[in-house]
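With the sequence shown counted from 1, adding 7 to any position gets you my numbering.
Here the structure is laid out as structure tokens; the discussion comes afterwards.
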Amino acid sequence: MLVLGIESSCDETAAAVIKDGKRILSSVISSQIELHKPFGGVVPELASREHLEKIEPIVREALSKAEVSVKDIDAVAVTQGPGLIGSLLVGVCYAKALAFALDVPFIGVNHIEGHLYSVVFENPPVEYPALALIVSGGHTNLFFVPEEGVYKVVSRTRDDAAGEAFDKVAKMLGLGYPGGPVIEKLAREGDKTKVKFPIAKISDGRPDFSFSGLKTAVSRYVRENQIEPAAEAKTANQAIKDVAASFQATVIKSLVVTMEKLTRELAPKTLIVAGGVACNGALREAVESLGAKSGLPVYFPSKHLSTDNAAMIAAAGYFHLRRGARSDLQMTADVTMRLQNFENEDADLKRKKVRYRL
Ligand code: KG4
Ligand code: ZN
């Protein structure tokens, strides 16, 4: 079964052709990083216009790289939410029109569920229950996954996502956008023990994350120590490298300490880390060592599947399509779509969610 996946929730226009949910025939991504760079973050209006320009050529390229004709496509899967409304609508409208014209089923996919499915291509099958950390520019959640397709949020961020904190701290230090890759690079040359940044404690005792306080602490440290932002990443001095290393170590510690606590409580059989921040080598090492300590396998997507892509959307869509789930033409973008309320899913999954009291 060939599924065409389409992703346009934020600043990547992507299309992919996937065979039987696991084999990537093509995965094409057009990144808007250069377009948004001068603004230090994604400008929603510019993003949707760019998606509109790119979607048609990107889908064509995905089909031609997969060496298939559009008529060979058996189903279309598209990111329905969460994301930026204008951006999501471009993908959703395009997917609907294409599925209608081809007379094939189509399905709206939750972007976060897509990130979870990014591990299916290059790892052994996931053994459930699993504990999955989805960590990106827009999301930071830990999900307990008792069986495939059933999700319970066991920890979430109360404010900024971890990737967003990387981006904001990079901006503060004059390192440009996106912040994750450049902070990771500079952190390798910095001393992570140089600055003791605090890890937020949530007063109601829930195992949630918070990164806004850390961002403020970095800002205060930079001001009090008169650290000048770099003119560009290449010229960053030792003080900036030490801040980058200390900040990165604090984010990772906060994520991994919580993951460790919930691993003890929930006894999963597999650990999963996905989303843009999963590109980070130091985070990978920290979760690998948690896995080794707990005797659990850790599954990551490879780097090109960690950031936004359409292969993961097609894979998640395939799971639902195979079970008979379909979206209809009334389906529209859902900016705040939650994994627990996946409206397109089949009756069996709905029953399971009731059983797990989700
Ligand atoms: O998954 P993604 O492409 O988009 C969202 O769904 O948000 O994630 C993008 C985020 C950005 O915030 C970026 O700074 C972060 O992932 N990121 C990283 C690294 N590479 C990308 N964060 C830390 N270390 C990295 N190497
Ligand atoms: Zn994403």
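We put the beta carbon where it would ideally sit given N, CA and C, even for glycine.
If you're wondering where the values come from, they're calculated on a predicted model, not measured in any experiment.
S313: first and last residue of the uninterrupted alpha helix (DSSP H) it sits in: Counting from one through the sequence shown, the residue named residue 313 turns up at place 306. Counting along the chain, the alpha helix (DSSP H) containing S313 begins and ends at K310 to S313.
How long is the line joining the alpha carbons of M344 and Q233, rounded to whole angstroms? As a first step, residue 344 must be located in the sequence shown, where it is residue number 337. As a first step, residue 233 must be located in the sequence shown, where it is residue number 226. Going by the C-alpha atoms only, they are around 42 Å apart.
Can you tell which of G324, T277, A323 and V284 has the C-alpha that lies nearest to the C-alpha of P304? The residue given as residue 304 occupies position 297 in the sequence shown. When each option's Cα is compared against that of P304, the closest is T277.
Buried versus exposed call for P131 [16 or more other C-beta atoms within 10 Å across all chains shown]: Counting from 1 along the sequence shown, the entry for residue 131 is found at position 124. It is exposed - the Cβ of P131 has fewer than 16 other Cβ atoms within 10 Å.
Taking 6 Å as the limit between beta carbons, can you name the residues of its chain near G220, skipping five residues before and five after? Within the sequence shown, residue 220 is the residue found at index 213, counting from 1. Taken in chain order, the residues that qualify are A207.
Rounding to the nearest angstrom, what Cα-Cα distance links L182 and T257 in this structure? The sequence position of residue 182 within the sequence shown is 175, counting from 1. The sequence position of residue 257 within the sequence shown is 250, counting from 1. Answer to the nearest angstrom: the Cα atoms are 19 Å apart.
Return yes when the C-beta of P185 is under 7 Å from any heavy atom of ligand 1, and no when it is not. Within the sequence shown, numbered from 1, the residue matching residue 185 stands at position 178. Within the cutoff, so yes.
State the CB to CB distance for the pair S34 and A317, rounded to an integer number of angstroms; the pair is presumed to be in contact (CB under 8 Å). As a first step, residue 34 is located in the sequence shown; it is residue number 27 there, counting from the start. As a first step, residue 317 is located in the sequence shown; it is residue number 310 there, counting from the start. Yes, they are in contact, since the Cβ atoms of S34 and A317 sit about 6 Å apart, within 8 Å.
So which of R271, V127 and E272 has the shortest CA-CA distance to L312? Taking the first residue of the sequence shown as position 1, residue 312 is located at position 305. Cα-wise, what sits closest to L312 is V127.
So what does A82 bridge to, in DSSP terms? Translated into the one-based positions of the sequence shown, residue 82 becomes position 75. BP columns for A82 point to V10.
Measuring straight from C-alpha to C-alpha, what distance separates L262 and K159? Start at 1 with the first residue of the sequence shown, and residue 262 comes out as number 255. Start at 1 with the first residue of the sequence shown, and residue 159 comes out as number 152. Rounded to whole angstroms, L262 to K159 spans 17 Å at the Cα level.
For the segment 16-88, which segments carrying the beta strand (DSSP E) assignment without a break, of at least 3 residues, lie completely within its bounds, in sequence order? 19-26, 30-38 and 82-88
Beta-bridge pairing of S162 - partner residues as DSSP gives them: Within the sequence shown, the letter at position 155 stands for residue 162. DSSP lists L149 as partners of S162.
Between V176, A274, D211 and L140, which lies nearest to A194 when the distance is taken from Cα to Cα? Sequence index remark: in the sequence shown, residue 194 carries index 187 (1-based). The option with the nearest alpha carbon to A194 is V176.
Among E52, V50, L53 and V77, nearest to E63 - alpha-carbon criterion: Here residue 63 corresponds to residue number 56 of the sequence shown, with the count starting at 1. For the residues E52, V50, L53 and V77, the minimum Cα distance to E63 belongs to V77.
Name the DSSP beta bridge partners of Y306, please? Residue 306 sits at position 299 when you count from the first residue of the sequence shown. Looking at the DSSP assignment, Y306 forms a beta bridge with I279.
Is the beta carbon of T314 within less than 7 Å of some heavy atom of ligand 1? By one-based count along the sequence shown, residue 314 stands at place 307. Flag set: Cβ of T314 near ligand 1.
Would you check whether ligand 2 has a heavy atom nearer than 7 Å to the C-beta of S143? Locating residue 143 in the sequence shown gives position 136, where the first residue counts as 1. Within the cutoff, so yes.
Exposure label - D341; buried when at least 16 CB within 10 Å: Within the sequence shown, numbered from 1, the residue matching residue 341 stands at position 334. It is buried - the Cβ of D341 has at least 16 other Cβ atoms within 10 Å.
Excluding the 5 residues flanking G47 on each side, which residues of the same chain have their C-beta closer than 6 Å to its C-beta? Within the sequence shown, the letter at position 40 stands for residue 47. So the qualifying residues of the chain are K178 and Y184.
Taking 7 Å as the cut-off, is the beta-carbon of N287 closer than that to any non-hydrogen atom of ligand 1? Within the sequence shown, numbered from 1, the residue matching residue 287 stands at position 280. Yes.
For ligand 2, any of its heavy atoms closer than 7 Å to the Cβ of G115? Against the sequence shown, residue 115 aligns to sequence position 108. Flag unset: Cβ of G115 not near ligand 2.
Cβ atoms of I114 and L328: under 8 Å apart, would you say? Working through the sequence shown from its first residue, we reach residue 328 at position 321. Working through the sequence shown from its first residue, we reach residue 114 at position 107. Cβ atoms of L328 and I114: closer than 8 Å.
Give every residue of the same chain whose Cβ lies closer than 6 Å to the Cβ of H58, excluding the five residues on either side of it in the sequence, and list them in chain order. Within the sequence shown, residue 58 is the residue found at index 51, counting from 1. Counting only Cβ-Cβ distances below 6 Å, and skipping sequence neighbours, we find S15, T20, S94 and V97.
Three or more C-beta pairs below 8 Å linking the segment 238-246 and the segment 101-114: no
Exposed unless 16 or more other CB atoms sit within 10 angstroms - verdict on M266: Residue mapping note: residue 266 aligns to position 259 of the sequence shown, counting from 1. M266 is buried by the Cβ-count criterion.
Between which two residues does the alpha helix (DSSP H) holding F326 run? On the sequence shown, position 319 is the one that residue 326 refers to. It spans A318 to R329 - the alpha helix (DSSP H) in which F326 sits, taken as one unbroken run.
What separation, rounded to the nearest whole angstrom, lies between the Cα atoms of R271 and L290? Along the sequence shown, read from residue 1 onward, the residue named residue 271 stands at position 264. Along the sequence shown, read from residue 1 onward, the residue named residue 290 stands at position 283. Near 19 Å, if we compare the C-alpha coordinates of L290 and R271.
Under the criterion of a Cβ to heavy atom distance below 7 Å, does H122 qualify as lining ligand 2? Your numbering for residue 122 matches position 115 in the sequence shown. H122 Cβ: within cutoff of ligand 2.
Distance, Cα to Cα, V161 vs D211? Here residue 161 is taken as the residue at index 154 of the sequence shown, counted from 1. Here residue 211 is taken as the residue at index 204 of the sequence shown, counted from 1. Looking at the two C-alpha atoms, the distance is approximately 14 Å.
With a threshold of 7 Å, establish whether the CB of D174 neighbours any heavy atom of ligand 1. For the purposes of this step, residue 174 is taken as residue 167 along the sequence shown, with counting starting at 1. At least one heavy atom of ligand 1 is nearer than 7 Å to the Cβ of D174, so yes.
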